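What follows is a short report on a single structure.
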């Protein structure tokens, strides 16, 4: 097998190959520093809870028929809200995947091309270490804007109208309409509509700089932060 | 390393000569052929060195960089998943390669391309269609 | 039709003593069925692509209908191409090539049919799942999670069916079979890795690395080996001369094996994935370009002196067009993979143009060439209209060339617009004329396909079967 040119080439190829393996597999295995994967329940934070409760206030009928009412009692209510937010978040994620949103919207901010100025802080690993990134929602194409810092930037009713008919709010938007998230009009989101809005409002809600506006100034008064947030941001 | 390095185009241009070369033992070589052969070897070795030295140097440098990285970056561990997958897939290939080599799959590199044409001609004839 | 072949060639190949009759060797009916199915899925996929393209220029005729949501049809577009068209087209070609190269039939003909039916089940279930919003969040692997195990089983059976005829061969193996053998193993592993690992085992950034690997390996380890394997078979037999250098072709094969699998992460440069992995992916991507060059040189060495064949022989023209596109794509790839280019072109239509150039400009074009060559042989009839064949060729190739150039250029403009921090709407506005051209180019490609389908239909129904072929070969039943 040494008598041919091809033979020598592939023997050399295997040598390098083996070396590449040793360097790439064994070394990282030694330094593997496992970040705990967060469940959806752990992802619910005060920012998201605020938005979710806002949905209940704005669309009481739709909300009640979709998720029911809190049972009453301070502690019970709190647990109920957390639970329901998690449910909506999970459903919203499923819709985000199923509708193919992630084919036109990315979810990561690169450290180049002035993206920090447009979208906000550069993406970091720990942000993706959770159940809703199975598989990871990085995305590969931006027909529309990046969404990883979208939470809190716009109000719930803005999103409702935008999902119903994007053109009413951004004139040249090529985004499709999603009337099946509503019962006929933008002020009547159904369960799916509430869920997808919850999901979008969740994106970036774990950030220190929440909510991120374009041309964000760091002197902006910091929004309310929850315990969860503080823990997350210092992994 | 008993066989000379053959120019691939040589046998492609002349299948008959090719068939002959493998039907009998290699003919005695003239001094000129021996010189050509050693020139071919030297060229191969020079090319090998030219390719291998920079790639080895690059590899070692990157490897050192990696070692530095292991001390600082907690994300390095993410490398493991794709690589382990890769390892499994390639290990199979490695054995396939050994198997093939031991079975003499690469003893006569240019034979299969003639065999396949002959098979095809035979099949077409069998089918009663002389395709032009 | 049962006599053993009396071979007339002087040096009898060592492996062969007697050849099975052709109808026992190749299941012609199945090949035909695979091709027809493939074309059906291509038709659906192209319609889906047109729907999405029309949405972008704001002329979607199906606005606001849930089952026609462009987001869902966008996934149908890619999945129908990968699993419906390419897989079926290649499987049809496999059923022709492998038995003829090895002179052995597949393991079991009934198994072939089981695989055919199971695979169509997988593709249809995928399509329905996608349209109902059940996608899995993995690019090129949106197949709903409950279908994945079935598809995995189908891929396993495929290997079980096709490996025995290759294994039964004695003597050195031809490069086509090297590619095919590798593909049976690679595809199985790639599919398992891509569909199960990021869903169940890892999460976050490392899952991104696996996802990138999957996207890339699906092209590189499933479609590419099949495509080149096909080329190494069809080009020599049509030109009636051996490939220029079989040794060089094996260099290409092993080069692919060693450099391709590491590249996946180049889909996610500048993500939080560790930088050294990104560098590794970049280097091996550039290395594979050198391998590609050896392959392309080999094919141009083969046709050297027979250049006229490109004009006169339609399948050869298809094949070499695809090779030129392949070289261009890989050249483009070795540039776009660098971090310098990535800054600008990532997330833009440049990538979309690149993907179309690979999937249509190379692999679809090759399958079309193979179909143009094989349909007359499968049906025992000459083409009804050679003019329609020409139309098919020119509409498709001009269409894809325009589309690729248009989208690649647009990608640069979009990237610059974003980097300059122009308002988002500005990037949509500049895209509009390019998107209109893309629709026109897409319609041209679609027109080519319609011409081809019409031609097949007419050939099947209007051209009388050739008598001597009917006497020799099996009767081609009209499905």
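Chains as they are written, first to last, in the working numbering: chain A, 1 to 235; chain B, 1001 to 1132; chain C, 2001 to 2479. Every residue gets a Cβ at the ideal spot worked out from N, C-alpha and C, and that includes glycine. Quick caveat: nothing in here was measured; it's all calculated off a predicted structure.
Residues in the stretch 2066-2086 of chain C having any Cβ partner in chain B nearer than 8 Å: none
Touch test, the stretch 2212-2228 of chain C against the stretch 146-153 of chain A, Cβ-Cβ under 8 Å, three pairs minimum: no
Endpoints, the alpha helix (DSSP H) within which residue 1113 (chain B) is located: 1111-1126
Span separating the alpha-carbon of residue 2200 (chain C) from that of residue 2115 (chain C): 27 Å
C-alpha gap between residue 2237 (chain C) and residue 1120 (chain B), whole angstroms: 7 Å
Pick from A:109, A:43, A:72 that is closest to residue 206 (chain A), judged by C-alpha positions: A:43
Backbone secondary structure at residue 134 (chain A) - three-state DSSP: coil
Neighbour flag for residue 2236 (chain C) against chain B, beta carbons, 9 Å: yes
CB contact below 9 Å: residue 1140 (chain B) versus chain C: With chain B covering only 1001 through 1132, there is no way to say anything about residue 1140 (chain B).
Residue 100 (chain A) CB to nearest heavy atom of the ligand NAD below 8 Å: In the structure shown, the ligand NAD is absent, as is every other ligand, since no ligand is present at all.
Residue-chain proximity (residue 95 (chain A), chain C), Cβ-Cβ < 9 Å: yes
Outcome for residue 1056 (chain B) when other beta-carbon atoms lying within 10 angstroms are tallied against a minimum of 16: exposed
First through last residue of the alpha helix (DSSP H) which encompasses residue 2337 (chain C): Neither: residue 2337 (chain C) is in no alpha helix (DSSP H) and is coded neither H nor E.
CB contact check: residue 2420 (chain C) to chain A, cutoff 9 Å: yes
Residue burial classification, residue 2462 (chain C) (beta-carbon count within 10 angstroms, cutoff 16): exposed
Any chain C beta carbon closer than 9 Å to residue 1021 (chain B): With a pLDDT of 42 at residue 1021 (chain B), under the threshold of 50, the predicted position of this residue should be treated as unreliable, though the coordinate-derived value follows. It does not; no Cβ of chain C falls within 9 Å.
Cutoff 9 Å: residue 2030 (chain C) Cβ touching any chain A Cβ: no
Assigned secondary structure, residue 141 (chain A) (DSSP; H/G/I helix, E/B strand, else coil): strand
Any alpha helix (DSSP H) of 4 or more consecutive residues that is wholly inside the stretch 44-89 of chain A: 46-58, 60-67
Same chain, Cβ closer than 7 Å to residue 1117 (chain B), five either side skipped, listed in chain order: none
CB contact flag (residue 2121 (chain C), residue 1112 (chain B), <9 Å): no
Residue 2260 (chain C) and residue 2249 (chain C) closer than 9 Å at C-beta: no
Chain C within 9 Å of residue 162 (chain A), Cβ atoms only: no
Close-in-space but distant-in-sequence residues of the same chain around residue 2289 (chain C) (CB under 8 Å, 5 per side omitted): 2330, 2331, 2333, 2334
Residue range of the alpha helix (DSSP H) that includes residue 2148 (chain C): 2148-2167
Segment contact flag, the stretch 73-84 of chain A with the stretch 169-188 of chain A, C-beta cutoff 8 Å, min 3 pairs: no
Residue 2055 (chain C), buried or exposed, once every other Cβ within 10 Å from all chains shown has been counted against 16: buried
Terminal residues of the alpha helix (DSSP H) in which residue 2135 (chain C) lies: No alpha helix (DSSP H) holds residue 2135 (chain C); DSSP gives it neither H nor E.
For residue 2438 (chain C), the first and last residue of its enclosing alpha helix (DSSP H): 2424-2462
Contact under 9 Å by Cβ, residue 131 (chain A) with residue 40 (chain A): yes
is_contact[residue 2408 (chain C), chain A] using C-beta, thresh 9 Å: no
DSSP state of residue 2376 (chain C) mapped onto helix, strand, coil: helix
CB contact below 9 Å: residue 1111 (chain B) versus chain C: yes
Assumed close pair residue 133 (chain A), residue 197 (chain A) - CB separation to whole angstroms, cut-off 8 Å: About 20 Å; that fails the 8 Å criterion.
Chain C contact for residue 115 (chain A) (CB, 9 Å cutoff): yes
Residue environment, residue 110 (chain A), which counts as buried when at least 16 other CB atoms sit within 10 Å: buried
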